[in-house]
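Heads up: the structure comes next, in structure tokens.
Numbering (the working numbering), first residue to last: 1406 to 1475.
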């Protein structure tokens, strides 16, 4: 379960949208989260990789079949 507080103007927009479409506010909140979750995860992963880069291999190392797992 998740409880969030929204600014009054956003809450009102969400309420009106739900009323006009016959769907619930929960439906629209869930849709908004799902739409943006992948993008947010990718952004944070990219930032983490920039801040803590791992081992990098040269093209020659990859072609030679070096142990890429170790």
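We put the CB at the ideal spot given by N, CA and C, even for glycine.
With distances taken between CA atoms, residue 1418 lies nearest to 1430 out of 1430, 1407, 1408 and 1409. Boundaries for residue 1407: no alpha helix (DSSP H) harbours it, and the DSSP string shows neither H nor E there. Assignment of residue 1460 by DSSP, reduced to helix, strand and coil, places it in the coil class.
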